[in-house]
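Colleague: Chains as they are written, first to last, in my numbering: chain A, 6 to 218; chain B, 6 to 218.
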DNA sequence: CCCAAAATCCCTACAAGTGGGTATTGTGGC
DNA sequence: GCCACAATACCCACTTGTAGGGATTTTGGG
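Structure, rendered in structure tokens:
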């Protein structure tokens, strides 16, 4: 079995170094590069060959979900293992739909991380235990978003949710985007339906989790 | 110069391993333990001796600000170096007031991290460049919170802000805590004044940053 | 060309939050 | 005992967000 060449996409290089530390005694796996943003990830992929991307969901600029989507098109042979502290089923779902083969939590042990990498390289799905449990037992989608369909947000909606998280009122957002406050209200309604949240608080958390603030 | 014995307090052990990786060739510094919560940190400190705690601000359960406050009382000889991805002046301020000698950002390079540790062990303040710049140039406190005084939240206020971040309405929170909705409104007002935010969005971000959700 | 989706705007009605007050009770420290 | 503060509760006035409906224009793809 050839050595698995890994690129770590994470805002902190310290995470990549942590993985390097854990893989020092494993000749079959190696961290060959680190990228702290989506853009940098594709630069690294252009430079050399890699087999696996360990992808954080929360990446500045382009987040992990978008990066996975693009990666699948540009480099279909490279496998993606999502790697995040976020346990919300929303993000797990999004990453899997966008092409990640597995999703391992950031507080996973060394042994679990290695197992996840091995499984994913064999093309088999790997999910950290807490996530698997959530999905197996009792995870219910609401009537608003049946079947857990992944609903992407449009560029405009992202702008709006970002400004909401920055404590702007509808009127301020409307001014900033040169539209009517009524339009912002519509976007808000659509966002809340798509993300299945009840209030501004839910929108803010979503924006924070995806590093859109 | 004796070896600096470091305890890493961070939700992810991977961060501790990253530091171990970076310090492999430094005989004067060593990661002797990892704690993934405030409680675990004090367990580790009870077990053995340490010189420095590399403290994340966002810790589950008891956050880094509270942990620093308690650490200063229980183990005044142990130095604290804050270590976080958060750049908000609010958190830097809080950590310094609660006894941290320095504040280094999580995306710092190996060289910077080592310099920060050295400075702090000499008892000198170390702040990552972006933070120092913010403080030096143009950082203005509002009239509501002059002098940047650190204002701690009460237990009750923390419960309320947590429930707000969980998308509860004032009425639901009132029911949960068995008080009048008017009381929740008062707490909300006090919270917004103390944290110097304009809306629910600001409260939610504060709760998320401090891992209170 | 037509269709679907996105983005824009408006309406009504009601619910909720924001920003000033004031006030009482209990607790803990000095 | 007094003071400070937390927690509780209420008042009024106002702004903002939530929830439902419908509607138009633009855009890109088939």
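Think of the CB as a built atom: it goes at the ideal place given N, C-alpha and C, for glycine as much as any other residue.
For residue 218 of chain A and residue 29 of chain B, what's the separation of their Cα atoms in angstroms?
Modeller: On the first chain, residue 218 of chain A is found 213 positions in, with the first residue counted as 1. On the second chain, residue 29 of chain B is found 24 positions in, with the first residue counted as 1. Straight-line Cα distance between these residues: approximately 36 Å.
Colleague: Please confirm whether residue 92 of chain A has its beta-carbon closer than 8 Å to some beta-carbon of chain B.
Modeller: Looking up residue 92 of chain A in the first chain gives position 87. With 8 Å as the cut-off, residue 92 of chain A does not count as an interface residue toward chain B.
Colleague: Please list the segments of the alpha helix (DSSP H) lying wholly inside the stretch 82 to 113 of chain A, counting only runs of 4 or more residues, in order along the chain.
Modeller: Runs of the alpha helix (DSSP H) inside the stretch 82 to 113 of chain A: 94 to 102.
Colleague: State the beta-bridge partners of residue 192 of chain B as determined by DSSP.
Modeller: Position 187 of the second chain, counted from the start, is the residue given in the question as residue 192 of chain B. Residue 192 of chain B is not bridged to any residue.
Colleague: Would you mind giving the Cβ-Cβ distance between residue 169 of chain B and residue 209 of chain B, rounded to the nearest angstrom? I have them listed as a contact below 8 Å.
Modeller: In the second chain, the residue the question calls residue 169 of chain B occupies position 164. In the second chain, the residue the question calls residue 209 of chain B occupies position 204. Right, their Cβ atoms sit about 7 Å apart.
Colleague: With a CB to CB cut of under 7 Å and the five nearest residues on each side skipped, what residues in its chain are close to residue 66 of chain A?
Modeller: Translated into positions along the first chain, residue 66 of chain A becomes position 61. Within the same chain, residue 66 of chain A has close Cβ partners 42, 43, 44.
Colleague: Could you give the DSSP three-state label for residue 53 of chain B: helix, strand or coil?
Modeller: Here residue 53 of chain B is taken as the residue at index 48 of the second chain, counted from 1. Reduced to three states, the DSSP call for residue 53 of chain B is coil.
Colleague: Taking Cβ to Cβ, would you say residue 22 of chain B is nearer than 8 Å to residue 27 of chain A?
Modeller: Taking the second chain and counting its residues from 1, one reaches residue 22 of chain B at position 17. Taking the first chain and counting its residues from 1, one reaches residue 27 of chain A at position 22. Their beta carbons are under 8 Å apart, which means residue 22 of chain B touches residue 27 of chain A by this criterion.
Colleague: Please confirm whether residue 58 of chain B has its beta-carbon closer than 8 Å to some beta-carbon of chain A.
Modeller: Numbered from 1 along the second chain, position 53 holds the residue referred to as residue 58 of chain B. Taking Cβ atoms only, chain A never reaches closer than 8 Å to residue 58 of chain B, which makes this a no.
Colleague: From which residue to which residue does the beta strand (DSSP E) around residue 34 of chain B run?
Modeller: If you number the second chain from 1, residue 34 of chain B lands on position 29. It spans 34 to 40 - the beta strand (DSSP E) in which residue 34 of chain B sits, taken as one unbroken run.
Colleague: So, are the CB atoms of residue 86 of chain B and residue 38 of chain B less than 8 Å apart?
Modeller: The count along the second chain starts at 1 and reaches residue 86 of chain B at position 81. The count along the second chain starts at 1 and reaches residue 38 of chain B at position 33. No; because the gap between Cβ atoms is not below 8 Å, this pair is not in contact.
Colleague: Is any beta-carbon of chain B found at less than 8 Å from that of residue 130 of chain A?
Modeller: The count along the first chain starts at 1 and reaches residue 130 of chain A at position 125. Closer than 8 Å: no.
Colleague: Using a 10 Å radius around the Cβ and a threshold of 16 neighbouring Cβ atoms, would you call residue 89 of chain B buried or exposed?
Modeller: The residue you call residue 89 of chain B lines up with position 84 of the second chain. Result: buried.
Colleague: Do we get a CB-CB distance below 8 Å when we pair residue 72 of chain A with the residues of chain B?
Modeller: By 1-based counting over the first chain, the position of residue 72 of chain A is 67. So no, residue 72 of chain A is outside the interface.
Colleague: Below 9 Å on C-beta distance, what does residue 23 of chain A contact in chain B?
Modeller: For the purposes of this step, residue 23 of chain A is taken as residue 18 along the first chain, with counting starting at 1. 17, 18, 19, 20, 21, 22, 23, 24, 25, 26, listed in chain order.
Colleague: Would a check of beta-carbon distances place residue 210 of chain B closer than 8 Å to chain A?
Modeller: To locate residue 210 of chain B, count along the second chain from 1; it is residue 205. Answer yes: the Cβ-Cβ gap between residue 210 of chain B and chain A drops below 8 Å somewhere.
Colleague: Against chain B, with Cβ distances strictly below 8 Å, would residue 170 of chain A count as a contact?
Modeller: Counting from 1 along the first chain, the entry for residue 170 of chain A is found at position 165. Yes, because at least one Cβ of chain B sits closer than 8 Å to the Cβ of residue 170 of chain A.
Colleague: Report the residue from A:138, A:183, A:104 whose alpha carbon sits nearest the alpha carbon of residue 125 of chain A.
Modeller: Within the first chain, residue 125 of chain A is the residue found at index 120, counting from 1. Looking at the Cα atoms, A:104 is the closest of the given residues.
Colleague: Does residue 175 of chain A have its Cβ less than 8 Å from a Cβ in chain B?
Modeller: Taking the first residue of the first chain as position 1, residue 175 of chain A is located at position 170. It does not; no Cβ of chain B falls within 8 Å.
Colleague: Alpha carbon to alpha carbon, what distance is there between residue 106 of chain A and residue 73 of chain A?
Modeller: The sequence position of residue 73 of chain A within the first chain is 68, counting from 1. The sequence position of residue 106 of chain A within the first chain is 101, counting from 1. Straight-line Cα distance between these residues: approximately 10 Å.
Colleague: Mind pulling the chain B residues with CB within less than 8 Å of residue 205 of chain A?
Modeller: In the first chain, residue 205 of chain A corresponds to position 200, counting from 1. Ordered by position in chain B, the residues that pass the 8 Å Cβ test against residue 205 of chain A are 204, 205, 206, 209.
Colleague: Roughly how many angstroms separate the alpha carbons of residue 99 of chain B and residue 18 of chain B, rounded to a whole number?
Modeller: If you number the second chain from 1, residue 99 of chain B lands on position 94. If you number the second chain from 1, residue 18 of chain B lands on position 13. Approximately 24 Å between the Cα atoms of the pair.
Colleague: Can you give the Cα-Cα distance for residue 69 of chain A and residue 110 of chain B, rounded to whole angstroms?
Modeller: Mapped onto the first chain, residue 69 of chain A falls at position 64. Mapped onto the second chain, residue 110 of chain B falls at position 105. For residue 69 of chain A and residue 110 of chain B, the distance between alpha carbons rounds to 21 Å.
Colleague: Compile a chain-ordered list of the residues in the stretch 101 to 135 of chain B whose CB is closer than 7 Å to at least one CB of chain A.
Modeller: Per Cβ criterion, the list reads 111, 112.
Colleague: I think residue 84 of chain B touches residue 57 of chain B, with their Cβ atoms under 8 Å apart; what is that distance to the nearest whole Å?
Modeller: Translated into the one-based positions of the second chain, residue 84 of chain B becomes position 79. Translated into the one-based positions of the second chain, residue 57 of chain B becomes position 52. With a Cβ gap of about 5 Å, residue 84 of chain B and residue 57 of chain B count as contacting.
Colleague: Taking the beta carbon of residue 223 of chain B as the centre, do at least 16 other beta carbons fall within 10 Å, making it buried, or is it exposed?
Modeller: Since the first residue of chain B shown is 6 and the last is 218, residue 223 of chain B is not available in this structure.
Colleague: Can you tell me where the beta strand (DSSP E) holding residue 14 of chain B begins and where it ends?
Modeller: As a position in the second chain, residue 14 of chain B is number 9, starting the count at 1. 9 to 14 is the extent of the beta strand (DSSP E) around residue 14 of chain B.
Colleague: Within its chain, find whatever has a CB closer than 8 Å to the CB of residue 163 of chain B; leave out the 5 residues flanking it on each side and keep chain order.
Modeller: For this step, residue 163 of chain B is matched to residue 158 along the second chain. For residue 163 of chain B, where only same-chain residues beyond five positions count, the Cβ hits under 8 Å are 217.
Colleague: Give me the Cα-Cα distance between residue 76 of chain B and residue 61 of chain B, rounded to the nearest whole angstrom.
Modeller: The count along the second chain starts at 1 and reaches residue 76 of chain B at position 71. The count along the second chain starts at 1 and reaches residue 61 of chain B at position 56. Their backbone Cα atoms lie some 14 Å apart in a straight line.
Colleague: Name the chain B residues that come within less than 9 Å of residue 213 of chain A, Cβ to Cβ?
Modeller: The residue you call residue 213 of chain A lines up with position 208 of the first chain. The answer, in chain order, is 209, 210, 213, 214.
Colleague: Please report how far the alpha carbon of residue 81 of chain A lies from the alpha carbon of residue 193 of chain A, in whole angstroms.
Modeller: Start at 1 with the first residue of the first chain, and residue 81 of chain A comes out as number 76. Start at 1 with the first residue of the first chain, and residue 193 of chain A comes out as number 188. The straight-line gap from Cα to Cα measures roughly 35 Å.
Colleague: Determine the closest residue to residue 202 of chain A out of A:71, A:173, A:166, A:179, with distance taken between C-alpha atoms.
Modeller: Against the first chain, residue 202 of chain A aligns to sequence position 197. Selected option, being the one with the closest Cα: A:166.
Colleague: Of the residues B:207, B:183, B:46, which one's Cα is nearest the Cα of residue 172 of chain A?
Modeller: One-based indexing of the first chain puts residue 172 of chain A at position 167. With distances taken between Cα atoms, residue 172 of chain A lies closest to B:207.
Colleague: Rounded to whole angstroms, what's the CA-CA distance from residue 63 of chain A to residue 127 of chain A? Just pull it up for me.
Modeller: The count along the first chain starts at 1 and reaches residue 63 of chain A at position 58. The count along the first chain starts at 1 and reaches residue 127 of chain A at position 122. Each residue's Cα considered, the two are about 26 Å apart.
Colleague: CB residue 11 of chain B to CB residue 40 of chain B, shorter than 8 Å?
Modeller: Within the second chain, residue 11 of chain B is the residue found at index 6, counting from 1. Within the second chain, residue 40 of chain B is the residue found at index 35, counting from 1. Contact flag unset, no.
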